[in-house]
Amino acid sequence: MNASSAPAARSRAALTTIAAAAAMTALVAVMSGCAVTRVDPPAPVAAPTQFKENALWKQARPAAAEPVPEQWWTLFDDPVLNDLQHRLVIGNENLKAAIAQVEGARAALEASRSALFPTLSVGVSGTRSKSPDGNVTNGSINRGPTNSVQASLNASWEPDLWGRLRLASEGANASLQASADDLAAARLSAQATLAQTYFSLRTAEAQEALYDRSVTSYQRFLDLTQARYQSGVAARSDVLQAQTQLRSAQAQLLETRSTRGQLEHAIAVLLGLPPSALDLAKNAALPKPPEVPELLPSQLLQRRPDIAAAQRRVAAAYSQIGVADAAYFPSLTLSGSAGYRSSTLSDLLSAPNLFWSLGPSLAQAIFDGGQRKLASAQARTSAEVATSTYRQTVLTALQEVEDNLILTDHLREEARLQQEALDAAQRNLELVTDQYRAGTVSFLDVTTAQNSAFNAEASLLSVRNRQLAAINLLLKNVAGRWTPA
């Protein structure tokens, strides 16, 4: 090639490059108008206007913007429970695992977003080679070894023509939000479990105090009966019956102490501690059941994190439909590289050794054995499963509230009646005891009165524990609040 033709060749090369770039730009513009059609998830489940069992509920105060506090356990007004709940959030191992899952979902979201950007890489290589036929260097054949040194900058980018990457990013974001809601739901569940275990612990302590009083009372009656037997007033069977009552109460006292210890161990594990590391002071007084204001079903659907998690998983599943459908379209990749290549390191960065390349690549699957069709069908099936799961979660949540509303109301009335029964049984025991001392009734009458009073108080403790459990679950179901990730 002579000197006069060199500029013309360079001009033709430049025009060719410009034409290729223009054609590539036009192709991208045309293909961008063919984005995958978004498949929108179904509308959220509509909540009823009111709970059926609200008619039974006595509202304690006018409804406010936040009728149930986020720290709902404070309604029980128990400082020990408040402290345990604070320690739970810090030490519970299940919550730590849920936090790690949120961070993993956050990393997955960032990874999906990074696919929208070009990738850059730097390469440096050096080789020494020898060919039997020799290597052509500067127009001459060199049959000896040759060196090659190269440094390059490489770039590639896949334009999101069909919205596949965008939909994948939206799905990852929905999954992240669902993981954050799972964390909030796990926290709520752990808090409710801790509260219920704590109430059971206090109930066991109250039962222990009851059995302890019973042992003391039965011991006094045994002493009295033995004295009456030795005086010839009471029968031997009365002494044996008194001994039976005493030993039975002592056995129940030991069982209650064992139950109390196991519950304390369970609380320690919930706090992330070894079972032997927690020593709670005993308190035989049960927390007073709080009054909870009336709530609307719509408030429930807005507050519960498990409902929010299920709804966001529906959104994530429907995003995957678009990702699967995008596989039917070709993929376009823009790639380019530039660098220096030389046989010696000393002149590697000189202008004559500069090289570059730029161009698009288009790939379209022609036959895949039905993989794309099956992937699309699987995505749609997963979306249907997520939708049904979401709807079932809502229905279950509404049922839980309805169940606990009616249970709480009935237990309130049951506790009142059981308290009246206990008062009557205690008055009867006092009367029968005086009559027994006077010799006007048999020891069987005393035993019957003692058992009635004992059973009435034990039943009252059981009802109060169930009442606390029902209110605890009700507050857990309606007090859920969470912070979006």
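So for the sequence shown, the working numbering puts the first residue at 1008; every next one is plus one.
Each residue gets a CB set at the ideal place from its N, CA and C atoms; glycine is no exception.
- Pairing Val1096 with Arg1173, the inter-Cα distance amounts to about 36 Å.
- Of the candidates Ser1353, Arg1348, Ile1373, the residue whose Cα lies closest to the Cα of Leu1361 is Arg1348.
- Ala1192 and Ala1345 have their alpha carbons spaced roughly 53 Å apart.
- DSSP, read as helix, strand or coil, puts Ser1357 in coil.
- Residue state for Ser1349 is assigned as strand, using DSSP reduced to three classes.
- Taking C-beta atoms under 8 Å as the contact rule, Gln1426 and Leu1468 fail to qualify, at a distance of about 11 Å.
- At a Cβ-Cβ threshold of 8 Å, Leu1278 and Arg1094 count as neighbours.
- As for any alpha helix (DSSP H) of minimum length 4 sitting wholly inside the stretch 1230-1283, the runs are 1243-1277, ordered along the chain.
- The beta-carbon distance between Gln1203 and Ala1404, rounded to whole angstroms, is 18 Å. This is too long to meet the 8 Å contact definition.
- Residue nearest to Val1246 within the set Tyr1225, Leu1287, Thr1266, Glu1262 is Tyr1225 (criterion: CA-CA distance).
- The beta strand (DSSP E) runs lying completely inside the stretch 1142-1199 and spanning 3 residues or more are 1142-1144, 1147-1149, 1153-1164, given in chain order.
- Contact between Leu1116 and Ala1179 holds, with the beta-carbon distance rounding to 4 Å and staying under 8 Å.
- By the Cβ neighbour-count rule, Ala1256 is buried, with 16 or more other Cβ atoms within 10 Å of its own.
- Going by C-alpha positions, Ala1104 is about 16 Å away from Ser1182.
- Take the alpha-carbon of Asp1085 and the one of Gly1329: they are about 52 Å apart.
- The three-state reading of DSSP puts Phe1362 in strand, counting E and B together.
- Contact check between the stretch 1286-1293 and the stretch 1210-1227: three or more CB pairs, one atom from each, fall below 8 Å, which counts as touching.
- For Lys1380, the uninterrupted alpha helix (DSSP H) segment begins and ends at 1378-1445.
- Between Ala1456 and Leu1436, the C-beta spacing is below 8 Å.
- Excluding residues up to 5 positions away in sequence, Asp1167, Leu1172, Arg1173, Ser1176 lie with their Cβ nearer than 8 Å to the Cβ of Leu1123 in the same chain.
- For Ser1207, DSSP assigns no beta-bridge partner whatsoever.
- Around the CB of Ala1107, fewer than 16 other CB atoms lie within 10 Å, so the residue is classed as exposed.
- In the three-state reduction of the DSSP assignment, Pro1294 falls in the coil class.
- Around Pro1282, the same chain offers His1272, Ala1275 as residues with beta carbons nearer than 6 Å, after the five sequence neighbours per side are excluded.
- Excluding its 5 nearest sequence neighbours in each direction, Thr1081 has C-beta neighbours in its own chain below 8 Å: Asn1089, listed in chain order.
- Less than 8 Å separates the beta-carbon of Ala1331 from that of Ala1386.
- Between Leu1402 and Pro1367, the C-beta spacing is not below 8 Å.
- Selection Glu1077, Arg1471, Thr1134, Asp1354 evaluated against Leu1424 yields Arg1471 as nearest (Cα-Cα).
- Here Pro1367 carries a strand assignment [DSSP, helix/strand/coil].
- About 16 Å separates the CB atoms of Ala1316 and Ala1390; that is not less than 8 Å, and the two are not in contact.
- Here Arg1227 is exposed: its Cβ has fewer than 16 other Cβ atoms, across all protein chains shown, within 10 Å.
- A distance below 8 Å between beta-carbons, with the five flanking residues on each side excluded, links Leu1208 to the following residues of its chain, in chain order: Arg1267, Leu1270, Glu1271, Ile1274, Leu1287.
- Residue state for Ser1449 is assigned as coil, using DSSP reduced to three classes.
- With respect to the C-alpha of Asp1410, the residue from Leu1482, Arg1113, Leu1260 having the closest C-alpha is Leu1482.
- The beta carbon of Arg1320 is closer than 8 Å to those of Ala1181, Ser1182, Ala1185, Ala1393, Thr1396, Tyr1397 in its chain, skipping five residues each way along the sequence.
- The Cβ neighbour count for Phe1374, taken over all protein chains shown within 10 Å, is under 16; the residue is labelled exposed.
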